[in-house]
Structure formats: C-alpha cells, structure tokens
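Q:
2 protein chains.
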Amino acid sequence: MRDVAIIGAGMTKFGKFLDRSLKDLAREAVQGALDSAGIDKSKLQVAVVGNATAGLITGQEMIRGQVVLRELGIGGIPVINTENACASSSTAFHLGWLYVASGMYDIALVLGMEKLTHEDKRRSFQAIGAAVDVEWVQQMAKAAKEAKEKSSERQPTFEEGAGERRSMFMDFYAVFARRYMERTGATKEDFARVAVKNLYHGSLNPKAQYGGEYTIEDILNAPLVVEPLTRLMCSPISDGAAAVVLVAADKARQFTSRPVYVRASVLASGRDRLPGEPGITTETAQLAYQKAGIGPKDLDVIEVHDASAPAELIIYEELGLCAEGEGPSLIRSGYTKLGGKQPVNTSGGLLAKGHPIGATGVAQICEIFWQLRGEAGARQVEGAKVGLTENGGGMVRGEAAALSIHILSV
Amino acid sequence: MRDVAIIGAGMTKFGKFLDRSLKDLAREAVQGALDSAGIDKSKLQVAVVGNATAGLITGQEMIRGQVVLRELGIGGIPVINTENACASSSTAFHLGWLYVASGMYDIALVLGMEKLTHEDKRRSFQAIGAAVDVEWVQQMAKAAKEAKEKSSERQPTFEEGAGERRSMFMDFYAVFARRYMERTGATKEDFARVAVKNLYHGSLNPKAQYGGEYTIEDILNAPLVVEPLTRLMCSPISDGAAAVVLVAADKARQFTSRPVYVRASVLASGRDRLPGEPGITTETAQLAYQKAGIGPKDLDVIEVHDASAPAELIIYEELGLCAEGEGPSLIRSGYTKLGGKQPVNTSGGLLAKGHPIGATGVAQICEIFWQLRGEAGARQVEGAKVGLTENGGGMVRGEAAALSIHILSV
Chain S
1 MRDVAIIGAG
11 MTKFGKFLDR
21 SLKDLAREAV
31 QGALDSAGID
41 KSKLQVAVVG
51 NATAGLITGQ
61 EMIRGQVVLR
71 ELGIGGIPVI
81 NTENACASSS
91 TAFHLGWLYV
101 ASGMYDIALV
111 LGMEKLTHED
121 KRRSFQAIGA
131 AVDVEWVQQM
141 AKAAKEAKEK
151 SSERQPTFEE
161 GAGERRSMFM
171 DFYAVFARRY
181 MERTGATKED
191 FARVAVKNLY
201 HGSLNPKAQY
211 GGEYTIEDIL
221 NAPLVVEPLT
231 RLMCSPISDG
241 AAAVVLVAAD
251 KARQFTSRPV
261 YVRASVLASG
271 RDRLPGEPGI
281 TTETAQLAYQ
291 KAGIGPKDLD
301 VIEVHDASAP
311 AELIIYEELG
321 LCAEGEGPSL
331 IRSGYTKLGG
341 KQPVNTSGGL
351 LAKGHPIGAT
361 GVAQICEIFW
371 QLRGEAGARQ
381 VEGAKVGLTE
391 NGGGMVRGEA
401 AALSIHILSV
Chain V
411 MRDVAIIGAG
421 MTKFGKFLDR
431 SLKDLAREAV
441 QGALDSAGID
451 KSKLQVAVVG
461 NATAGLITGQ
471 EMIRGQVVLR
481 ELGIGGIPVI
491 NTENACASSS
501 TAFHLGWLYV
511 ASGMYDIALV
521 LGMEKLTHED
531 KRRSFQAIGA
541 AVDVEWVQQM
551 AKAAKEAKEK
561 SSERQPTFEE
571 GAGERRSMFM
581 DFYAVFARRY
591 MERTGATKED
601 FARVAVKNLY
611 HGSLNPKAQY
621 GGEYTIEDIL
631 NAPLVVEPLT
641 RLMCSPISDG
651 AAAVVLVAAD
661 KARQFTSRPV
671 YVRASVLASG
681 RDRLPGEPGI
691 TTETAQLAYQ
701 KAGIGPKDLD
711 VIEVHDASAP
721 AELIIYEELG
731 LCAEGEGPSL
741 IRSGYTKLGG
751 KQPVNTSGGL
761 LAKGHPIGAT
771 GVAQICEIFW
781 QLRGEAGARQ
791 VEGAKVGLTE
801 NGGGMVRGEA
811 AALSIHILSV
C-alpha cells in the first residue's frame, strides 16, 4: 500500500435548495475540486460516489454517480456508487483512497452528494429513517400502535414522532444525551455551548447553511425537538455536494506544491459488545492513531459528526481529546473553539454547516484540506498541520452501522 | 497487487419469493458460501454487499448490508454497500477483490442480494426503471404525453408501456435487437434458439427459476413483450442472493485444495463514442483478456448478461467468441450449448436461472466457480479450466452505465 494525497477539493454551499438538482449540485462540487487540483477531468481514472437518499427522494437509484458524472462529460472510467447512511461519502473516500493506495489507479475522484429537501418535509424524515433496520422499525411501530390501542391514555404514536415529524435519530440521540448527563453531570447548557460554538464557526464559513452569534439562552429557548434537544442542538435538513481529487503521493507535486496526505483511512461497522468494552468510535480512533503513528494530542483541527450537540461531547471522549467524563469541562473551557488548543468543527459542523447526508463525509475532508493548506479564511487555525475527521452512519442494534475515521497531514 | 482466490460460493434458488425477506435470502447465500469455504464467519475481515432496489421495494436503504449481516452475527468489520444496477454485485466482487489484491485484507465476503418481487408488479418494473437517468425519463414521458394529446390517434403512453407494464429495458433491447437483425440477418428464430438453449441449461440447474425442453415455436408463440421479443426471450422478475468468499491466493490452500483464481477484474462505465468505435463490452473484454494473458478461445465456460435473448448473440461478438456478424451462425451450430466447444450460460443465464438484479453478478461468479471445481452436476462442462463472466448494469445515453468482466481459472 502506497501513500495517497489529496490535491483538490470543492463543495457547494450547504442549504435548502428545492430548485437545485443533484446534477447541478454535483457539477459545482466536482468542477471546484478539479479547478482546485488544476487537473482536467480527462485525467480521472476512477470515480467513487457517495449518496444516501436519492432513490427515496428523487427516484434515482442504482447509477446515481454515472447519471451526474456523464452530465459533466466524465465517462468510460469505473464508477462505484456507495451508501453507508451519513457515512456514505467518507466510505466513498475510503474506497477512492484504496484504489490509489493499492496502486491500481493513480488519480481518483470522490464525490459526496445529497438532495434531502422535499416539498413534503415528512419525506425527508422518512428517508433518514431508512438508515436503521427498517423491518425492525416497522415491527416497533406496530407494537407501539397495539399498545396505544390497549391504553386509554392519549400517547403520540411512533409515526407521529420519530420518523414523521422529526428524524428518528434525534430520539436515539436524546437517549444517548440523557445517559451522558447521568454519567458525567453534563447539563443542557453544556449541549447548548456546543451549538453556540458551532454556529459561531458557521458564521465564519461562507459554505455553511447557518451561523451567527447565539447565546446559551437562544439555544435553550429554541423549540424542543425531544428532551433534552432543542432545534438548534439538532443538525438541519440540507442539500449539497462535496468532492476531492486523490493521487498517488509520489505524483502529488506534479499538481500542487501543497498536497495533503492521507495518514489513516479506517472504516468499521457496529457489533455486539460486552459491558464496559470500548464502543465503535473509540476502537476505530485507536486503530486510526496506530496507523498514522500519532496520538490525539497531535491533532491541530478536528471535524466530528455532531448530528446532535451532545454527540460532540461524547466524541471528545471517544477520540481521546479529554479523559472520560470530561467532555463538559472541555466545552466550558473553550478548548475546542477557534483560538482554543484543539478546535473542533471549525466548518460549523453538521449543526451549522448543515448535513446533506451523503455529502457530509467528503465535506469534513474538504474542511481539513483547506485548514491544512491555510485556505480556511476567517476560520483558519494558525499553523494547522494534522487533522482528523470522524463520520458515523446509520444504526443497527444501538451502534453505528458505519464509522469512518480519517487522519490527514501536510 | 497480489493474486486473489475464491474459496467458497453459495446461493439461494432464484425465483419469486414474496414471503421471503432479504435477510432470509442473504442468510442462506452467506451460510452456503462460508460452509463451502470451510471458514467461520469470525474470520471475515471485510464485507462488500451489492443490491439494487431494496430502497424502492422494501424501504431499506443506506445500510442494507449491515442490516442483513448483523442478523447473521457478522459485525465489527468494514461493510461497503454498493450499487451499479444489474452489475451491482459484480461491482461488489470487484471491490472485494481489490481489498484482498491490495493486501489490505486477507479474507473478504462478497454478497449480492435482491428482493425484486412486489405484490404490485408495477413496483418491480418501476424499480428497474431507476437504472436509467430518471430525470431524463420523466422529461421523455412528459414529451410523449404532450405528443399524444396533440394526436387524434390512440397511442399507448410511455407509462402504459415501458416502465409500467414491462421493464423499460426491454424497449431498449428491442431497439438493439432490430438493429442487430438489420446488420447481421439474425432472425427471431435465432433469438428463440438462445432461449431454447438457456431454458434447457436451466432445467439442469436446481437453483434456476425456470427450465425445460422448449422448441423454437414455444418461444415464438409466447406472449409478445415488445417486437421482436416474446416473454420467453426476456429475463424474469426474480428474488435471490449469492455470496462468495475471497482470500489472498497464497493462503487459499489453507482452506481448500481447489481454489479458483481471479485472473482479471475489470469494471467500466459508459462514455460517448465516435461512430465505428468498439463499444463498452468489446473494450472491457479486451482489457480483461490482456490482464489475464489469455484470448477468447481459451475460455471453457462463459456466463453472459442475457437480460434478453438477442443480447447474448451481440455479446458473443463483443467477447470475440466469433467474428462480427456471426452470432446467428454460432447459436445455430450448437457451439455455445452444453456439449459444444464453448458453452455459454450453463446456469441457464438470466433468461432461465432468473435475474434478481443485485444478485446476478455474484451468481455468475458462483456458476463459473462450480464449473471450474467440477461441482456443476448435470450441467458440468468436462475439464473446464478457464471461465469468464460478463455483467452489465443500467444505461445512460445509450450505453451501459456499468460493465464488469471477470476471468477466473483453476
């Protein structure tokens, strides 16, 4: 396996774009990545495309990559379409890396894209609900309905809550958040602090869907989604696309004086665990650190999967940015804010930058690429040399169905 | 890149199984492959899963592989979910091969699975219709509707034909068939001969959906789908799953005395072509022959993508089994029938074995694996040592969106 470098990155602004097609979003991201790499599309040897919900939202299934790439005049090369829920495009990145690291191809395009908005907002939530075991959810919904029929008390049905009026993942995150509060003493204010930080970072990122200077009270006063999560603690419904170009490291300097190297690309799936065993994120991070030959303290800039605000605190501990139980004090100290020792989610994260599911993984890579090249503008982390992305996707039996960690460096 | 071997294969019978779930089909195929390989599931290091329509048929999108594999107690390892329409699982096989060939992992599971039947048969046809540019089809349907409104003559609408009452791919195949008839003098009887042969082969394969001793007249007298294709010249709607286990070639003999080696794994996508330029199948086959260091005459047994009967004749020429224009004389001579010099689709092919889209690619690999190991029972090709699979998927701008060719040998 040889070394691999990223030489270009492009992405659309994230947002709700009912009038933009997947083709349109993909075009902007791919052209941005090619321009940034200074490479012509005819040089691409393989393309890997991550997308999660096009089949359910637009009806376009099976050959999503080919459909958008042919519009751009990219054809003939192998095109891999891959899905892994919210980790779809970090999985695509991992495969693009594998093609180049193996020596099979020298130049790979990786594209993540998602059109998640729909005129009927319930369709977006339903689509997200396909990132769990759908058969199991149907059984659960049936059981909940039967229980309701037997009960005299008025209860919200499963359909009225998770999966219809909100992403059912927020119900999962609410459970994790409540457990985390019990274990560590974290408060709702701590979760709000994560949102305040990431919305501030988002205000410095022209590609972010949301951003601004919010107070803890603003976050706590937003409408409740599911206790303890308010709307501003939950990632929004978003559309967008992001793309990067990968090349063999020994050829990178033919294209750029500032390549960014892939030091570790690790993908895992959930499994049953014994009580007290480290979870999937901890386990995968340890493997990534080992492959990269670094530890968590060596990271200058980090993008994590803050699909909800409490998740970011949990991930601090899983990545080893702090000891177990110290997530709340880390966020309170400003350690992970721009200007702090190890800034997290300088892009705004999923909370502020937005979360177009199949684009998120590559967008995280784009942010670290720009940070390590000194191209992150108002949100630049001075002298950043090493970065990490953490991207989780879907859920089976209470653990992420897919989890990928990438470590990048100049 | 190092050599890779297949050490086990398993598949379900193909057929219409409205009462069987994807989990149930996958379980049988995976367990069959593990048993055949003599390997425990705990030894698997990565899994690649191909599926095309679960999102549209069952609602299960994004993490289809994890959902079925966790049921089998397979977790923790990277799981890649991939789609490439009818070539979904040959794409999965290609990625499994890449993981092992690259040296990243020693042992990979590849699974193809599809549940294409639905109580409402139109849903199955509609799902298949997602293997083209859906936006383009919607535009075409709109234009056809407007043209009909302007015309006084009663015309079938696009919705009444392609995409609703039949797979729209049969309309594409009908066009290719008529062009082929003009170019080569092929007759409807020649297409019927392909169906007669493959249904006969299917009668010898206990896993095949259909089979029997049909006459040319039986085929021609079947209900017309779209001129010149009768129902028995078209692959059916099918459910099923197929799986294989891949290992590094230098470790294969730890598991079996009869490994089957992957000599070439080539994946391509369609592109615009100049008039007279060879098409995607010809081009990809030539690359595969070059990688394997063999020519078409070295093949002992061949599985091709006979989604319609005329396609098989066209593919004979594209693979170089005969010269251009000689497809009709090849089928008339019995050259590609069991007992002939180069038997094609001994499994029954898509026409008789069935065509559960995302399972087809791996099922073709299974057939060659069994043939090269001498395990093909009543349909065994004596002394077969080298085999090829050709698997096409989807369509963009008149050419396959994905095309994969694998060459295997003992």
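From first to last, the protein sequence lines are chains S and V. As numbered in the numbering used here, the first sequence has no gaps in its residue numbers, which increase by one up to the final residue, 410. As numbered in the numbering used here, the second sequence has no gaps in its residue numbers, which increase by one up to the final residue, 820. The beta-carbon is built from N, C-alpha and C at its ideal position, and this holds for glycine as well.
Looking at S/Gln-371: is its Cβ nearer than 8 Å to the Cβ of S/Val-381?
A: yes
Q: Assuming S/Val-362 and S/Ala-242 form a contact by the criterion Cβ under 8 Å, report the distance between their Cβ atoms to the nearest whole angstrom.
A: 4 Å
Q: My output table needs one value for V/Asp-600: the three-state DSSP class, helix, strand or coil.
A: Note: V/Asp-600 maps to helix in three-state DSSP.
Q: Out of S/Pro-310, S/Gly-212, S/Glu-283, which one is the CA nearest neighbour of S/Gly-270?
A: S/Glu-283
Q: For S/Thr-82 and chain V, any beta-carbon pair shorter than 8 Å?
A: yes
Q: Strictly by DSSP, which residues pair up with S/Val-79?
A: S/Ala-47
Q: Using 10 angstroms around the beta-carbon of S/Gln-155, count the other beta-carbons present and answer buried if the total reaches 16, otherwise exposed.
A: Bear in mind that a pLDDT of 45 at S/Gln-155, under 50, signals an unreliable position, so the number given afterwards is only what the model happens to contain. Exposed, because fewer than 16 other Cβ atoms sit within 10 Å of the Cβ of S/Gln-155.
Q: Counting only runs of 3+ residues fully inside the segment 18 to 66 of chain S, write out the beta strand (DSSP E) ranges in chain order.
A: 46 to 50
Q: Contact defined as beta carbons within less than 8 Å: I believe S/Pro-78 pairs with V/Leu-723. What is the distance between those atoms, to the nearest angstrom?
A: Not quite, the Cβ-Cβ distance comes to about 27 Å (not below 8 Å), so this is no contact.
Q: Taking the alpha helix (DSSP H) that V/Met-421 belongs to, which residues open and close that run?
A: Element bounds for V/Met-421: not the alpha helix (DSSP H) but the beta strand (DSSP E), 414 to 421.
Q: Going along the segment 267 to 279 of chain S in order, which residues come within less than 8 Å of chain V, judged by CB to CB distance?
A: Leu-267, Ala-268, Ser-269, Gly-270, Arg-271, Asp-272
Q: Taking the alpha carbon of S/Arg-166 as the point to measure from, which residue in S/Gly-327, S/Ala-127, S/Ala-195 has its own alpha carbon closest?
A: S/Ala-127
Q: If we ignore side chains and look at the alpha-carbon of each, how far apart do V/Thr-468 and S/Thr-336 end up?
A: For the pair V/Thr-468 and S/Thr-336, the Cα-to-Cα distance works out to about 42 Å.
Q: Would you tell me roughly how many angstroms separate the C-alpha atoms of S/Ala-9 and S/Lys-43, rounded to the nearest one?
A: 16 Å
Q: Tell me which residues share the same chain as S/Gly-212 and place their Cβ nearer than 8 Å to its Cβ, disregarding the 5 neighbours each side in the sequence.
A: Leu-199, Tyr-200, Gly-202, Ser-203
Q: Output the residue ranges of the alpha helix (DSSP H) runs that lie fully inside the segment 185 to 236 of chain S and measure 4 residues or longer, sorted by chain position.
A: Entirely contained in the segment 185 to 236 of chain S, the alpha helix (DSSP H) runs reaching 4 residues are, in chain order, 188 to 203, 216 to 221.
Q: Distance, Cα to Cα, V/Asp-682 vs V/Ala-811?
A: 11 Å
Q: Let me know the secondary structure DSSP gives S/Val-304 once reduced to three states.
A: Correct three-state label for S/Val-304: coil.
Q: Using a cut-off of 9 Å between C-beta atoms, extract the partners of V/Thr-468 located in chain S.
A: One finds Val-134, Glu-135 in chain S with Cβ atoms closer than 9 Å to the Cβ of V/Thr-468, taken in chain order.
Q: Which of the three DSSP states, helix, strand or coil, is assigned to S/Leu-416?
A: Nothing can be reported for residue 416 of chain S, as the shown portion of chain S is limited to 1 through 410.
Q: Given that S/Thr-281 touches chain V, what residues does it touch there, using C-beta distances under 8 Å?
A: What S/Thr-281 touches in chain V: nothing, since even the nearest Cβ is about 13 Å away.
Q: Skipping 5 residues on each side, what residues in its chain have a beta carbon closer than 6 Å to that of V/Ala-541?
A: Ala-495, Gly-804
Q: Taking Cβ-Cβ distances below 7 Å as the criterion, which residues of the segment 287 to 321 of chain S are in contact with chain V?
A: none
Q: Check whether the Cβ atoms of V/Lys-763 and V/Asn-631 sit closer than 8 Å, and answer yes or no.
A: no
Q: Identify which residue in V/Pro-720, V/Pro-685, V/Arg-807 has its Cα closest to the Cα of V/Ala-584.
A: V/Pro-720
Q: So what does DSSP say about S/Ile-74, is it helix, strand or coil?
A: DSSP places S/Ile-74 in coil when its eight states are reduced to three.
Q: Out of S/Asp-250, S/Gly-55, S/Ile-357, S/Arg-183, which one is the CA nearest neighbour of S/Ala-92?
A: Among S/Asp-250, S/Gly-55, S/Ile-357, S/Arg-183, the Cα nearest to that of S/Ala-92 is on S/Ile-357.
Q: Kindly list, in the order they appear in chain V, the residues whose Cβ is closer than 8 Å to that of S/Ser-21.
A: Within 8 Å Cβ-Cβ: Glu-545.
Q: Output, in chain order, the set of chain V residues within a Cβ distance shorter than 8 Å of S/Gln-342.
A: Per Cβ cutoff of 8 Å: no residues; S/Gln-342 is ~27 Å from chain V at best.
Q: Could you give the uninterrupted runs of the alpha helix (DSSP H) lying entirely in the segment 307 to 366 of chain S, keeping only those of 4 residues or more?
A: 309 to 319, 327 to 333, 349 to 353
Q: Among V/Lys-617, V/Tyr-515, V/His-816, V/Ala-587, which residue has its Cα nearest to the Cα of V/Ala-659?
A: V/Tyr-515
Q: What are the partner residues of V/Val-670, as DSSP defines its beta bridges?
A: V/Ile-416
Q: Between S/Ser-89 and chain V, is the shortest Cβ-Cβ distance under 8 Å, so that the two count as touching?
A: no
Q: Since V/Met-550 is in the alpha helix (DSSP H), which residue starts that stretch and which ends it?
A: 544 to 560
Q: Locate the beta strand (DSSP E) running through V/Val-654, then write down its first and last residues.
A: 649 to 658
Q: What does V/Gly-513 reach in chain S if we use C-beta pairs closer than 8 Å?
A: Result: Met-1, Ser-102.
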